[in-house]
Amino acid sequence: MPEEPCQCPDCQRFYREHDRLIREFPTLRTQQELNWAALQSFRTLSGRVLEDLQKQHGATNHETLSKPLSPAGAAEGEETMDSLQQVIADLENINAHLFSIEALMERVFDVKVPEDIEQKFRELAGELAPDPLNADRLRLNRLLHQTPDLPDKN
Ligand SMILES: [Zn+2]
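All residue numbers for the sequence shown refer to the working numbering, where the first residue is 299 and numbers rise by one.
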């Protein structure tokens, strides 16, 4: 028997989102635009947070130098600074990877296909991710759920 896909809430949320993105962006062109916008918004936001943290980190450094701290306070401040430095390093890494992904994506986005191929994308998108609120689909789901384990309320 083939293994059933995981049905935990996280996976279900992923399947729903996955299918929605196919349904709402059912062509090569719209998938390209969607993914480009997603990548750019990710870069803009995380780049901005990094910039802010770097500024803040500079300020924290300055404060520590100008303010005499008790030994306990100094140790605490150092710990906070270490974890802040780790976050900054992680975000710098993410931004470097996003930059590489952008370079790869540019190649994926150079491609254009004729309208009949876009039509094929639309057809298969409809098969892969049918509208869950479609009347036929709802009827089918109800039939599937009429099992001895899950008796219908009627
Ligand atoms: Zn799961």
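All C-beta atoms in this analysis are idealised placements derived from N, C-alpha and C, irrespective of residue type, glycine included.
{"Asked": "Three-pair Cβ contact test at 8 angstroms for the segment 410–421 versus the segment 374–393", "Found": "no"}
{"Asked": "Alpha carbon of A335 to alpha carbon of G356, nearest angstrom", "Found": "32 angstroms"}
{"Asked": "I320 versus Y313: straight-line alpha-carbon distance, rounded", "Found": "11 angstroms"}
{"Asked": "8 angstroms CB neighbourhood of S344 in its chain, flanking five on each side removed", "Found": "L389, I392, N393, L396"}
{"Asked": "For L431, the nearest candidate out of T378, F323, V347, D317 (CA to CA)", "Found": "D317"}
{"Asked": "For E376 and L363, the rounded distance between their alpha carbons", "Found": "Only weak support exists for where L363 lies, its pLDDT of 46 falling under 50; the value from the coordinates is given anyway. Answer to the nearest angstrom: the Cα atoms are 12 angstroms apart."}
{"Asked": "N-terminal and C-terminal residue of the alpha helix (DSSP H) that E322 is part of", "Found": "307–322"}
{"Asked": "C-beta contact flag for I386 and Q352 at 8 angstroms", "Found": "yes"}
{"Asked": "Buried versus exposed, by CB contacts within 10 Å (16 or more), P324", "Found": "buried"}
{"Asked": "Proximity below 8 angstroms, CB of E416 to CB of L337", "Found": "no"}
{"Asked": "Helix, strand or coil at E301 [DSSP, three-state]", "Found": "coil"}
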